[in-house]
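If you read the sequences in order, they're chains A and X. Reading the first sequence from the start, the letters are residues 1 to 287 in this note's numbering. Reading the second sequence from the start, the letters are residues 288 to 697 in this note's numbering. Built from N, CA and C at the ideal position, the CB exists for glycine as well. Fair warning: this is a prediction, and the values are worked out from it, not measured in the lab.
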Amino acid sequence: MNKKSNVFLVIAIPAFILFFIFHTYPALQGIFYSFTDWKGYGDWNFVGLKNYLNVFDDGRAGDAYLFTFKFAIVSTILVNIISLAVAIGLNSKIKFHKTLRAIYFLPYILSILIVGFIFNFIFAHFLPQLGDALGWEFLSRNILGNPDLAWLGIVLVAVWQAVSFNTILYLAGLVTISEDLYEAASIDGAGVWTKFWRITFPLIAPFFTINMVLSLKNFLMVFDQIVALTGGGPGKSTESISLLIYRGGFEGGEFAYQSANAVIYFIVIIIFSVIQLKFLNKREVEN
Amino acid sequence: MIKKMTAGVMALAMGASLLAGCSSDKAEDGKVTLELFSNKSESIQTYKGLIAEFEKQNPDIKIKLDAPPEAETVLKTRLTKNDLPDLMSIAGNATYGELGRAGVLEDFSGSELEKKVQPSYIDMVNRLVGPEEEGTFGLPYATNANAVIYNKAKFEEHGLTVPTTWDEFVASLEKVKAAGDTPIYFTLKDAWTGMIAWNSLGANVAGEDFAEKKNAGEASFVENYDEVADKMATLVKYGHKDNMGVAYGDGNNAFANGKSVFYLQGNWAIPEILKANPDMELGVFPMPVTNDPEQNKLVSGVDVLLTVNKDTEHKEEAMKFVEFMMDQETAKKYIDEQKAFSAVEGVYQENPVFEGIKGNFETGAITSFPDHYYPAGMGAENLVQEFLIKKDKEKFLKKMDSEWEKVQNR
């Protein structure tokens, strides 16, 4: 027994050390500097909670929070609906289902920045030409240049790419469901819809939970897609919190202030994840 | 399994030796290697040519050029790690001001090299550092200019002449619009391109010392930029149908293909436009901002300044390279290739495209970029972009003031 736990310790310690050096230690440093007026270099003084109070007063940060949550909630819902639908389709006995699985996974392999630049081209050239040809006024301009619509462009790209990963997770869940259950249900006269709500959905509940939590967390930290598509514009209408922290911290010399913003955001994400887990786990048990 | 483990160990060992290789800057053959950091991807080829020439003259010095994307962020990150390059070729903007105040750059004030530079540009970079730190921490090298670029063929087609007052300029725009053509090709999807017009207007209307006055509480956007905002809104009326949806690169192509008569850009766009259409005939003129031609100045800034890390181990060699660059012959070569202007005394850009603004350089009718003196974290270009969409002047000017103060107070 003792020998066995030593082996586990040997396996775990290097990972723990690496994680601590490259993740925990910088995070602690960030928390420390959030109580100072450090610009990223040079001298600094302790300023207490001034940075934190300023974040709550900052209209720009407020707008960024609003945009990020709007974006994250809409994207999370869309990604989960679409990827579950795709997974059910790919799990059925259709022709080429293995090839199709590989194709549906492709977007995840591509770098987000590359996908973003390709979509940037589509939005700037292809869609306006299509809009002109069809005579649709709203499509004849680049939607990324419209402050009311630009966020939808980002949602489209983010969802297109994120669906692939969530589909794989749902597929993993679907193959665990025994075929017998469906046969039995058919004999009892259950339709497709009833089978989905009574068998499929309850049995993949753990996968639904993990997909919801992971995608919300990923979308709350949205950064690459925005850099590639709008750079936070037009105006500041698509500036996410991650982008604001990066911009203000590294380009604007507000290292300490944005560290405070990052600490607050870290807490917010934890709270949301915990609430989500609590709520969805409860639902799993009830089923 | 064992094979895999040896492979892993090998990879680790190789990684370690690579890392070790980076830290030694004295190469085995006794050569000194200097790192030249540049913030411009456009000048990589020019620098490579100049470096080859320098290395031929100084066989014991090797220059390694590093021009990464997002260069200013990279430089600031390296500053936090105390790992500044030996030589830097960066823009004269707020980042330079910060580096100067951080006390990490060589002070050139009073040196022979400083005397080679036109004094007005020395003033410009000294004002960036501000009064807290005395000294000239960089040598202005190449300069740029904000201009109105025009398509000569189309210009003649519409029977236009170069305007010298704001009213004449608006009349030309109106004439083009009435003829069913596009007057100005805006590329406002990239927020910074809106600052070209903003800077020309701001510098001439609100004055060169706006930032100092603003910090002293004697000026504000609400009081001094009212006219600027009005004129910005006027200009945007003469755009194309998707002003906010086109980015800088696409705009260069569109203008090169005759999609508009005027294009509000800096001299740096000209090589890009000519790349898209080598036969195009271009002209430039300074934006006439007021109705008094005497008052209208060309906005020109320090695009490239050369500076040396104060604590470099090879200062002598680094200075040698700076001296080589500041030589009139090298300076001329640089601006010819880059279609830029020189800050070195007696070196002028003679390319015929720049005929329309040459006079400004000779008479000194030049003023600096106002936004280089704005606090870096305020994000002025996005606020301007937002204003051009929503056109709510009062709210916008108030926001410019409050964002400025907010950033200063942090």
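Contacts around residue i, its chain only, beta-carbon distance under 7 angstroms, and the 5 residues preceding and following it disregarded
| i | result |
| --- | --- |
| D394 of chain X | G422, T423, F424 |
| I483 of chain X | N433, L551, Q552, G553 |
| V463 of chain X | H445, P470, V548 |
| D224 of chain A | I112, L113, G116 |
| N539 of chain X | A556, E559, I560, A563 |
| Y525 of chain X | L460, K464, P470, I471 |
| C309 of chain X | Unreliable placement is indicated for C309 of chain X, whose pLDDT of 44 sits below 50; the coordinate value is still reported in the next sentence. Taken in chain order, the list of residues that qualify is empty. |
| W38 of chain A | W44, F255, A256 |
| K217 of chain A | I269, S273 |
| F19 of chain A | none |
Assumed close pair residue i, residue j - CB separation to whole angstroms, cut-off 8 angstroms
| i | j | result |
| --- | --- | --- |
| S487 of chain X | N530 of chain X | Between N530 of chain X and S487 of chain X the Cβ distance is about 18 angstroms, and since that is not below 8 angstroms, they are no contact. |
| T333 of chain X | E624 of chain X | 4 angstroms |
| A630 of chain X | V589 of chain X | 7 angstroms |
| I676 of chain X | P147 of chain A | 6 angstroms |
| M613 of chain X | L426 of chain X | 7 angstroms |
| S330 of chain X | P356 of chain X | Not a contact, Cβ separation roughly 14 angstroms. |
| E476 of chain X | G536 of chain X | For the record, residue 476 of chain X in the displayed sequence is Lys; it is not Glu. Contact flag wrong, Cβ pair sits at about 10 angstroms. |
| N91 of chain A | L174 of chain A | 4 angstroms |
| T430 of chain X | F628 of chain X | 5 angstroms |
| F388 of chain X | V412 of chain X | Checking the sequence shown, residue 388 of chain X turns out to be Arg, not Phe. Rounded, the Cβ-Cβ distance is 12 angstroms, inconsistent with contact. |
| V586 of chain X | F656 of chain X | 6 angstroms |
| F648 of chain X | A516 of chain X | Not a contact, Cβ separation roughly 29 angstroms. |
| F207 of chain A | A172 of chain A | 7 angstroms |
| S237 of chain A | T68 of chain A | Their Cβ separation, rounded to whole angstroms, is 12 angstroms, which puts S237 of chain A and T68 of chain A out of contact at 8 angstroms. |
| A498 of chain X | Y660 of chain X | 4 angstroms |
| W453 of chain X | T577 of chain X | 6 angstroms |
Chain-order list of residues whose beta-carbon lies under 8 angstroms from that of residue i (same chain, five-residue window excluded)
| i | result |
| --- | --- |
| A124 of chain A | N142, L144 |
| I436 of chain X | F542, F549, Y550, L551, Q552, A556, I557, I560, L569, G570, V571 |
| K546 of chain X | T469, Y472, H527 |
| L277 of chain A | T209, V213 |
| I177 of chain A | I199, T200, L203, I204 |
| I409 of chain X | E401, T423, P427 |
| K290 of chain X | Interpretation of K290 of chain X is limited by its pLDDT of 47, a score under 50 that renders its predicted location unreliable; the figure taken from the coordinates is listed afterwards. Nothing listed; no residue qualifies. |
| R60 of chain A | K236, E239, L244 |
Cβ neighbours of residue i in the same chain (closer than 6 angstroms, five flanking residues each side left out)
| i | result |
| --- | --- |
| F272 of chain A | none |
| L78 of chain A | V159 |
| W485 of chain X | V671 |
| N596 of chain X | L371, D373 |
| S376 of chain X | S325, V591, L593 |
| S75 of chain A | V155, A158, V159, F219 |
| R283 of chain A | none |
| K607 of chain X | none |
| M574 of chain X | V435, S487 |
| E690 of chain X | M665 |
| K602 of chain X | none |
| L305 of chain X | Only weak support is given to the placement of L305 of chain X: the predicted model assigns it a pLDDT of 43, under 50, and the question is left unresolved by the model. |
Got a sec: which bits of the stretch 260 to 279 of chain A sit with their beta carbon under 9 angstroms from any beta carbon on chain X, in order along the chain? none
Which residues, in order along the stretch 201 to 235 of chain A, keep a beta-carbon less than 9 angstroms from a beta-carbon of chain X? Result list: T230, G231, G232, G233, P234, G235.
So, does the stretch 500 to 517 of chain X touch the stretch 203 to 217 of chain A, judging by three or more C-beta pairs under 8 angstroms? no
The stretch 154 to 169 of chain A in contact with the stretch 192 to 201 of chain A per 3-pair CB rule at 8 angstroms: no
Give, in chain order, every unbroken run of the alpha helix (DSSP H) that is at least 4 residues long and sits entirely within the stretch 648 to 688 of chain X. 667 to 677
Give the residues from the stretch 130 to 160 of chain A that approach chain X closer than 7 angstroms (Cβ to any Cβ), ordered along the chain. R141, N142, L144, G145, N146, P147
Contact residues within the stretch 527 to 547 of chain X, judged by C-beta distance below 9 angstroms to chain A: K528, D529, N530, M531, G532, V533, A534, D537
When the Cβ atoms of the stretch 570 to 590 of chain X are set against those of the stretch 490 to 508 of chain X, are three or more pairs found closer than 8 angstroms? yes
Contact between the stretch 50 to 65 of chain A and the stretch 234 to 246 of chain A: three or more CB pairs below 8 angstroms? yes
Give me the subset of the stretch 170 to 189 of chain A whose CB atoms are less than 7 angstroms from a CB atom of chain X, sorted by chain position. none
Identify each residue in the stretch 58 to 76 of chain A for which the Cβ-Cβ distance to at least one residue of chain X is less than 9 angstroms, and report them in chain order. Here the close residues are D58, G59, R60.
Can you check the stretch 381 to 432 of chain X for any alpha helix (DSSP H) of at least 4 residues that lies completely inside it and give the ranges in chain order? 381 to 389, 399 to 402, 406 to 416
By the 7 angstroms beta-carbon criterion, what residues does the stretch 105 to 126 of chain A contribute toward chain X? A124
Given a limit of 9 angstroms on CB to CB distance, which residues of the stretch 587 to 618 of chain X reach chain A? none
Residues of the stretch 672 to 692 of chain X with a CB closer than 9 angstroms to any CB of chain A: list them in chain order, please. Q672, E673, F674, L675, I676, K677, K686, S689, E690
Can you give me, in chain order, the residues of the stretch 353 to 368 of chain X that have a beta carbon less than 8 angstroms from any beta carbon in chain A? E359, T360, K363, T364, L366, T367
Sequence ranges, beta strand (DSSP E) only - wholly within the stretch 488 to 529 of chain X, length at least 3: none
In chain order, which alpha helix (DSSP H) runs of at least 4 residues are fully inside the stretch 27 to 70 of chain A? Counting whole runs of 4 or more residues, the stretch 27 to 70 of chain A contains the alpha helix (DSSP H) stretches 50 to 57.
Hey, which unbroken runs of the alpha helix (DSSP H) at 4 residues or more fall wholly within the stretch 327 to 353 of chain X? 331 to 344
Any C-beta of chain X within less than 9 angstroms: which residues of the stretch 11 to 28 of chain A qualify? none
Fully enclosed by the stretch 224 to 274 of chain A, which alpha helix (DSSP H) runs are 4 residues long or longer? Runs of the alpha helix (DSSP H) inside the stretch 224 to 274 of chain A: 224 to 229, 241 to 246.
Residues of the stretch 472 to 501 of chain X whose Cβ lies closer than 9 angstroms to any Cβ of chain A, in chain order: Using a CB distance below 9 angstroms, the part of the stretch 472 to 501 of chain X facing chain A consists of L475, K476, D477, A478, ordered along the chain.
The stretch 182 to 196 of chain A contacting the stretch 117 to 136 of chain A, beta-carbon criterion three pairs below 8 angstroms: No, they do not touch.
Any C-beta of chain A within less than 9 angstroms: which residues of the stretch 637 to 665 of chain X qualify? P662, A663, G664, M665
Residues from the stretch 395 to 408 of chain X in contact with chain A, defined by Cβ distance under 9 angstroms: none
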